[in-house]
Amino acid sequence: MQPRPRMIPEATVARLAVYLRVLAGLSGGGRSHVSSQELASAAGVNPAGLRKDLSYLGPCGVRGVGYAVPALRERLARALGVEQQRACVLVGMGNLGSALAGYAGFGSRGFTFVGLLDADPARVGDLVGDTTVRPVEDLEAVVAEHGVTIAVVTTPAEVAQSVCDRLVAAGVRSIVNFAPQALTVPAGVDVRQVDLSVELQVLAFLDQQKGVQLVPDTVPTDLTAVGVAR
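Following numbering that gives the first Met the number 0, the numbering of the sequence shown begins with 0 at its first residue and continues without gaps.
Okay, here's the thing in structure tokens:
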């Protein structure tokens, strides 16, 4: 009897995707093996955490030798479901949407934008890569034609929910949302919220905290120097 596959926590899945990216770079550089220390360092995790994450895939490495880059890359791709091309649509062809649609890295990771959609007639007909921007009214037709289950939303906040509703009704089950608006979806639909302004605010806070930590916390021995009476 085949053992049931272990459920992989979402946080671990995110790190597995990082490991896959690192391995792709190593493979491109002609590397055949990598140690857990090197792979962990490149991914920004500790070796123990790396080994725990990879344990969800079953035995992977050899003690004293490390991991075979091609084999581990293949196993990660299979586990993440990116060993085959997946059709995606992108709705909202502003500056951010156009930049994402033109990024060649998605194709090498198994994702192809089969539909680029926008509500602005001035954008319709533009060619981004090999794909022509279509009117947002064609959303349902594009999803049905290509069997799309993944979508990227880069629309203004005020229309993001209505676009999301249409995507879900058309059969999309996974959405990456760049719009600064939380989306409400039914059970069975996954949403990944990417808010760049929030990430920048977090970094600003962390940078500020570093500055605070650099300020000495000693008290002057001469309290009169700061206007405090003895």
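Quick reminder that beta carbons are idealized off the backbone N, C-alpha and C, glycines included.
Taken through DSSP and simplified to helix, strand or coil, F177 comes out as coil. Within the DSSP secondary-structure output, H32 pairs in a beta bridge with A67.
The C-alpha of A70 is placed about 14 Å away from the C-alpha of G27. For A150, the three-state secondary structure derived from DSSP is strand. Proximity of the stretch 148-160 to the stretch 82-97 meets the contact definition, three or more beta-carbon pairs being nearer than 8 Å.
Taking a C-beta distance under 8 Å as the contact criterion, R165 and D189 do not qualify as a contact pair.
The beta carbon of Q83 sits closer than 7 Å to the beta carbons of G109 from its chain, once the five residues preceding and following it are set aside; these are given in chain order. With contacts defined as CB atoms closer than 8 Å, V33 and V81 fail to qualify as a contacting pair. Secondary structure note for Q84: it is in no alpha helix (DSSP H), with a DSSP letter that is neither H nor E.
For V12, the closest of N176, V162, Y55 and P185 by C-alpha to C-alpha distance is Y55. Cβ-Cβ separation between A78 and L15: approximately 7 Å, consistent with a contact (criterion under 8 Å). Look at D189 here: in three-state DSSP terms it is strand. Scanning A47, V132 and G128 for the CA closest to the CA of R122 turns up V132. Restricting attention to V113, G124, L126 and Q160, the CA atom closest to the CA of T148 is found in V113. In this chain, the alpha helix (DSSP H) harbouring R165 covers A156 to A169. Pairwise C-beta distances place the stretch 193-202 in contact with the stretch 172-182, as three or more of them are shorter than 8 Å. Going by beta carbons, V88 and V141 fall inside the 8 Å limit. Comparing alpha-carbon positions, the option among N45, E144, V44 and L75 lying closest to C59 turns out to be L75. Ranked by Cα distance from I7, the options L205, V17, L99 and D52 are led by D52.
Contact check for V64 against A42 fails: the beta carbons are separated by 8 Å or more. DSSP places P134 in the strand class (E or B) of the three-state scheme.
Under DSSP, V90 forms a beta bridge with L116 and V152.
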